[in-house]
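Visitor: Numbering (my numbering), first residue to last: 390 to 464.
Idealized CB from N, CA, C, for every residue including glycine.
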């Protein structure tokens, strides 16, 4: 795992924890270092499999390493 990937996962974890603790989406964007709300949403959807709204509503987390794209294997 590259440092960049690790950093993105840690930032998504921080954002996830903040949202679950009741921090607003915009404050979470700022605190976790995202550029804007769509950036946060894309990151959480890719890394956790949930949008910020789903996290706030308390939907069950799939994984902190969830990846939405299908992997193609070379045979």
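Residue 445 and residue 405 - do their beta-carbons sit closer together than 8 Å?
Guide: Going by C-beta atoms, residue 405 is not nearer than 8 Å to residue 445.
Visitor: Under the rule that 16 or more other beta-carbon atoms within 10 Å means buried, what is residue 439, buried or exposed?
Guide: Its Cβ being crowded by 16 or more others within 10 Å, residue 439 is buried.
Visitor: Any heavy atom of the ligand GTP closer than 7 Å to the CB of residue 396?
Guide: Absence of the ligand GTP is noted for the structure shown, with no ligands found whatsoever.
Visitor: Roughly how many angstroms separate the alpha carbons of residue 396 and residue 390, rounded to a whole number?
Guide: Taking the straight line joining both Cα atoms gives about 10 Å.
Visitor: For residue 441, which residues in the same chain have their Cβ closer than 8 Å to its Cβ, ignoring the five residues on either side in sequence?
Guide: So the list reads 404, 408, 414, 417, 426, 429, 430, 433, once near-sequence residues are dropped.
Visitor: Beta-carbon within less than 6 Å of residue 421's beta-carbon, same chain only, minus the 5 sequence neighbours each way: which residues are those?
Guide: These residues qualify, in order along the chain: 400, 403, 404.
Visitor: Using only the alpha-carbon positions, how far apart do residue 410 and residue 447 sit?
Guide: Approximately 10 Å between the Cα atoms of the pair.
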